[in-house]
Amino acid sequence: MRQAFGAGVLLWVAVFLPAFLFAPRQPDKPHPLLESEQQVSATVEISRGSDSEQTLRLWEEGTVREMAVEEYLRGVLRAEMGGAFHMEALKAQTVAERTYLYYQMAAGAKAAHPSADVCADPGCCTAYLAEEGAREKWGAAFEEYEQNIRLAVSETDNQVMYYEGEPIMAVFHSSSAGVTATSGEVWTADLPYLVSVESPESADTVPNYHSVNTFSAEEFRTRFTARYPDAKLTGETAAWIKDVIHSDTGRVESAVVGGVSVTGQELRSVFSLRSTAFTVETGADSVTFRVTGYGHGVGMSQYGANTLAQEGKSWQEILQWYYTGITIDDYTGR
Ligand SMILES: [Zn+2]
16 MRQAFGAGVL LWVAVFLPAF LFAPRQPDKP HPLLESEQQV SATVEISRGS
66 DSEQTLRLWE EGTVREMAVE EYLRGVLRAE MGGAFHMEAL KAQTVAERTY
116 LYYQMAAGAK AAHPSADVCA DPGCCTAYLA EEGAREKWGA AFEEYEQNIR
166 LAVSETDNQV MYYEGEPIMA VFHSSSAGVT ATSGEVWTAD LPYLVSVESP
216 ESADTVPNYH SVNTFSAEEF RTRFTARYPD AKLTGETAAW IKDVIHSDTG
266 RVESAVVGGV SVTGQELRSV FSLRSTAFTV ETGADSVTFR VTGYGHGVGM
316 SQYGANTLAQ EGKSWQEILQ WYYTGITIDD YTGR
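In case it helps, the numbering used here puts the sequence shown at residues 16 to 349.
In structure tokens:
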């Protein structure tokens, strides 16, 4: 499944639940240890591996490059969120990325790149932006943003979200329309940690939170019939679109267009809408979509995470807000 990519729109890979062995511990609670015990604790930490010691193979522009997980996560964070978000949102995003990485690696190499764990194509895996690319893109803001990126990764070193002992499919999106979508609304499977929750971002804090796409009747017909040639789009424009059904979370589930039944996601794709949270109006010679939010709507909303962070929530609280029933712990699966 492909869709137009924008910042923070992580795309679907097949659901696969790896069988990890998992030893629970409490990594985030500082204990009043004696100095010698701290020494021991540090040694144990190293033997478990951390972002700088774990490696992966990244497929980018036709070559496979082995790199530390730390470097990879910085690249994904630069591409998927950038360096301007609140630090707690950046940390939440980093842990989502790390979790998604290990979830993907447990599923095994994809047919698209059998010799690499992940690629830099957001239509396949996750977007990636190397340091040099960010330096060009961010200009004068580079030093500040890069410092934030590095801090977010190092301060959440090796932390991963688990559900029933396995790293979760930690998908995320840019912004939601009041509430997030369930995984079953967008893909085939309902997952217990990807249920609909409230998301606090609004037009005050999200650029282009509301967007409008208007097509002339002719444009609408041309676009739709290119994908669905059986559609009969003749006569009154007002009669072209029928039976628009919204889900419980306010997104378009399905509609009948020119006699052809399509899903909200198919309409989103055909008309390049920013999300499936839309209403549709037909005029005498036009069709208008009014859209809220950006992305598939499942899992963490990046702008919602930023709002929660500004309200004083920690990265752990943000992740527990968006991923229901998860625990956060060291990664121990390799
Ligand atoms: Zn890939």
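Each residue gets a CB set at the ideal place from its N, CA and C atoms; glycine is no exception.
No experiment lies behind these values; they were computed from the predicted model shown.
What whole-angstrom Cβ distance do GLY98 and ASN173 have, given they're in contact under 8 angstroms? Incorrect: roughly 21 angstroms between the Cβ atoms, too far for contact.
Taking the alpha-carbon positions, what's the TYR337 to SER191 distance? 11 angstroms
Between MET176, ARG80, ARG113, which has its C-alpha nearest GLU332's C-alpha? Answer by Cα proximity: MET176.
Coarse secondary structure for ILE183, derived from DSSP in three states: coil
Between which residues of its own chain and LYS328 is the CB-CB distance below 8 angstroms, once the five residues before and five after are set aside? Annotation for LYS328: GLU103, TRP336 place their beta carbon closer than 8 angstroms to its own, counting only its chain and skipping 5 residues before and after.
Report yes or no: do the region 130-146 and the region 307-319 share at least 3 C-beta pairs separated by less than 8 angstroms? The region 130-146, when compared against the region 307-319, does not touch it at the 8 angstroms Cβ threshold.
Which residue or residues does DSSP assign as beta-bridge partners of SER226? Looking at the DSSP assignment, SER226 forms a beta bridge with VAL306.
Going by other Cβ atoms of all chains shown within 10 Å of its Cβ, with 16 needed for buried, is ILE183 buried or exposed? buried
Grab me the residues of PRO215's own chain with a C-beta within less than 7 angstroms of its C-beta, minus the 5 sequence neighbours each way, in chain order. GLY319, THR322, LEU323
In three-state terms, what does DSSP make of TYR177? strand
Roughly how many angstroms separate the alpha carbons of THR203 and THR197, rounded to a whole number? Each residue's Cα considered, the two are about 10 angstroms apart.
Nearest-residue set for ligand 1, Cβ under 7 angstroms from any heavy atom: Counting every residue whose Cβ lies closer than 7 angstroms to a heavy atom of ligand 1, we get TRP74, LYS125, ALA127, HIS128, VAL133, CYS134, ASP136, CYS139, CYS140.
Here's the rule I'm using: 16 or more other beta-carbon atoms within 10 Å means buried, otherwise exposed. How should GLU52 be labelled? Low confidence applies to GLU52: its pLDDT is 36, below 50, so where it sits in the model is not reliable, and the reading given next is rough at best. By the 10 Å Cβ count, GLU52 comes out exposed.
What are the start and end residues of the alpha helix (DSSP H) that includes LEU341? Reading the sequence as shown, one finds Ile at residue 341 and not Leu. No alpha helix (DSSP H) holds ILE341; DSSP gives it neither H nor E.
Would you say VAL210 and THR339 are within 7 angstroms of each other, going by their C-beta atoms? Contact: yes.
Where VAL55 sits in the DSSP three-state scheme: Bear in mind that a pLDDT of 38 at VAL55, under 50, signals an unreliable position, so the number given afterwards is only what the model happens to contain. Correct three-state label for VAL55: helix.
Based on the DSSP secondary-structure assignment, which residues constitute the bridge partners of VAL212? For VAL212, DSSP assigns no beta-bridge partner whatsoever.
Is LYS125 helix, strand or coil by DSSP? If DSSP states are grouped into helix, strand and coil, LYS125 belongs with coil.
Consult DSSP for PHE157 and reduce its assignment to one of helix, strand or coil. helix
When we look at the beta-carbon of ALA218 and count the other beta-carbons within 10 Å, is it buried (16 or more) or exposed? exposed
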